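Asks: I'd like to ask some things about the structure below.
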Amino acid sequence: GDGQAIRVHRYSQPHGKCQYKGREIPRGSHVDMETPCERWKCELTENLVLFLGCGSSQVESPCKTIKGSGVYPKCCPKPVCPHHHE
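Here you go:
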């Protein structure tokens with residue numbers, strides 16, 4: 003699972019690096035963020051930054067989600083289920 007593209011950001015420097023919120027991302031590369039928990043990916047062929055997020059994690063009771071720690075994708079919520087002892 004490579005996450006879900008949550009939005010894109012177009013920019014107007016055809017030959018430059020991607021720049022977004024003060025971060026420079028080389029073309030064809032990406033940076034993984036912790037806050038927000040996203041991967042910012044600089045497309046090689048188009049002038050856009052692709053944002054990958056965790057996607058929604060639906061869990062059934064009695065499971066719940068806890069927030070991970072670290073940069074994307076480690077910070078994505080993880081399902082935690084109580085262990086059943088038979």
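Count along the sequence shown from 1, then add 2; that gives the number in my numbering. Every residue, glycine too, gets a C-beta built ideally from N, C-alpha and C. Since we're looking at a predicted model, the values are computed, not measured.
On the DSSP bridge list, what partners appear for Glu43?
Replies: Per the sequence presented here, residue 43 reads as Lys, with Glu not at that position. Looking at the DSSP assignment, Lys43 forms a beta bridge with His32 and Leu52.
Asks: When DSSP builds the beta bridges, which residues end up paired with Val73?
Replies: None; Val73 has no bridge partner.
Asks: Assign Glu26 to one of three DSSP states: helix, strand, or coil.
Replies: Three-state DSSP puts Glu26 in a strand.
Asks: For Leu52 and Lys66, I'd like the C-alpha separation in whole angstroms.
Replies: 29 Å
Asks: For the beta strand (DSSP E) that Val82 lies in, which residues bound it at each end?
Replies: Here the beta strand (DSSP E) through Val82 covers Lys80 to Val82.
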